[in-house]
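Which chain is which? The protein sequence lines are A and B, in order. The working numbering puts the first residue of the first sequence at 161, with every later residue one more than the last. The working numbering puts the first residue of the second sequence at 161, with every later residue one more than the last. Following: one structure in structure tokens, then a few remarks.
There are 2 protein chains.
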Amino acid sequence: MNTEREYCPVHEAIQVLQEKWTMHIVRALLDGPLGFNELGRAVGGCNPATLKVRLDHLEELGILTRTVHSQMPPRTSYELAPAGVDLQHVIDAIDGWGRQHLDRQGAACDEEGEKVAVG
Amino acid sequence: MNTEREYCPVHEAIQVLQEKWTMHIVRALLDGPLGFNELGRAVGGCNPATLKVRLDHLEELGILTRTVHSQMPPRTSYELAPAGVDLQHVIDAIDGWGRQHLDRQGAACDEEGEKVAVG
DNA sequence: ATAAAGTGCTATAATTTGTCAAGTGATGAA
DNA sequence: TTCATCACTTGACAAATTATAGCACTTTAT
């Protein structure tokens, strides 16, 4: 569907970000590098199969980097590349919108250094 | 997956926006109200079944409004509600990021009145 | 009048995508 | 030894998205 009408960076960006889990992954990684399973838990329970696909795609796009620390006892970490760090603005915008239009209670999950008074 | 850990507006917002076509729909509507088929074409060819589901969901969330102008010769228009208009910031952020990190050629689709000097 | 194309949808089936559960080979803790 | 963890892979399955067709009607062209 819509292979490439004229090439539009905004459209492309949306295509990337609307993939399931992608924004959650970026948001989790904004806080610092994580391992595979760690990341899966951080995003709210993404299954390994999908997570692998997303991670590969995001790495391909230069949004994150995969670093293998040890091979035999597998130990890897995923970290945002500069292009990924820049997504902070996008997440911030979503954050702002969400708080304004979706907030029903005292929000209880801040991960980017923004403290929220809950109690 | 992750039914409701603690309720987080950011997480919720991401859940809404990452649904396929949602951001495209918002972006198209940011330019002004559109009809059903018109909108389907504007977002790049979403099929009516999915479009209907998205539109219903977005209406439920108060992001857009559906106005029926005439019933028998069907004529309807979808327009962003205030909560939807506020998503402009999110789209802008994505726009900025996309141009910075995804732009490979002179972009050919600006729909929000923001002219970009490419050369 | 007839045909073709457009309106906003809905129904059905097929494909794509995402999910779960389990397994792999290696290490560390008990 | 057995369980748990790590980073995945595999295969069966469910859910989401898709194409295609159609409805009841208007508009435009012929």
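We put the beta carbon where it would ideally sit given N, CA and C, even for glycine. These numbers were taken from a predicted model, which means no experiment stands behind them.
Partner residues on chain A for residue i, Cβ-Cβ distance less than 8 Å
i: B/E239; result: Chain A residues near B/E239: none, gap ~16 Å exceeds 8 Å.
Local conformation of residue i per DSSP, three classes
i: A/E179; result: coil
i: B/A277; result: Low per-residue confidence applies at B/A277: pLDDT is 39, beneath 50, and the placement is therefore not dependable, though the value from the model is reported in the following sentence. Correct three-state label for B/A277: coil.
Nearest-angstrom Cα separation, counted from residue j out to residue i
i: A/N197; j: B/H261; result: 28 Å
i: B/K180; j: B/Q248; result: 18 Å
i: A/T227; j: B/L218; result: 39 Å
i: B/P233; j: B/T225; result: 20 Å
i: A/V186; j: A/Q231; result: 25 Å
i: B/E239; j: B/V245; result: 9 Å
i: A/V203; j: B/H229; result: 43 Å
i: B/C168; j: B/I251; result: 21 Å
i: A/I223; j: B/R235; result: 43 Å
i: B/A148; j: A/I254; result: An answer regarding residue 148 of chain B cannot be provided, because it is not within the stretch 161 to 279 covered by chain B.
i: A/L177; j: A/L215; result: 13 Å
i: B/C206; j: A/C206; result: 26 Å
i: B/P208; j: B/A188; result: 16 Å
Nearest to residue i (by Cα), restricted to the options the options
i: B/G192; options: B/A241, B/G256, B/W257, B/R259; result: B/A241
i: A/T210; options: A/H184, A/L190, A/P233, A/T225; result: A/H184
i: B/L190; options: B/N207, B/A243, B/R235, B/C206; result: B/A243
i: A/G258; options: B/L221, B/W257, B/L199; result: B/L221
i: A/T182; options: A/S237, A/G195, A/G200; result: A/G200
i: B/S282; options: B/H171, B/G195, B/Q175, B/V213; result: Any answer about residue 282 of chain B is impossible in this case: the structure gives chain B only from 161 up to 279.
Chain B contact residues for residue i, given Cβ-Cβ distances below 8 Å
i: A/T182; result: Q178
i: A/V213; result: Under the 8 Å cutoff, chain B gives no residues; its nearest Cβ is about 15 Å from A/V213.
i: A/L247; result: W257
Under 9 Å by beta carbon: chain A residues contacting residue i
i: B/A209; result: Correct list: empty, because the minimum Cβ distance to chain A is about 13 Å.
Under 7 Å from the C-beta of residue i: neighbouring residues of chain B
i: A/E172; result: G258, L262
i: A/I254; result: V170, A173, I174, L177, V250
Under 9 Å by beta carbon: chain B residues contacting residue i
i: A/H217; result: Ordered by position in chain B, no residue passes the 9 Å Cβ test against A/H217, which lies about 13 Å from the chain.
i: A/R187; result: V170, H171, I174
Under 7 Å by beta carbon: chain A residues contacting residue i
i: B/A243; result: H261
i: B/L190; result: None at all; the shortest Cβ gap to chain A is about 11 Å.
Check: residue i C-beta below 8 Å from any heavy atom of the ligand MG
i: A/V176; result: As presented, the structure is devoid of all ligands, the ligand MG included, so that no description of it is given.
| Enumerated in chain order, which unbroken segments of the beta strand (DSSP E) with a length of 3 residues or greater are wholly contained in the segment 184–258 of chain A? | Taking 3 residues as the minimum length, the beta strand (DSSP E) runs contained wholly in the segment 184–258 of chain A are 224–230, 235–240, in order along the chain.
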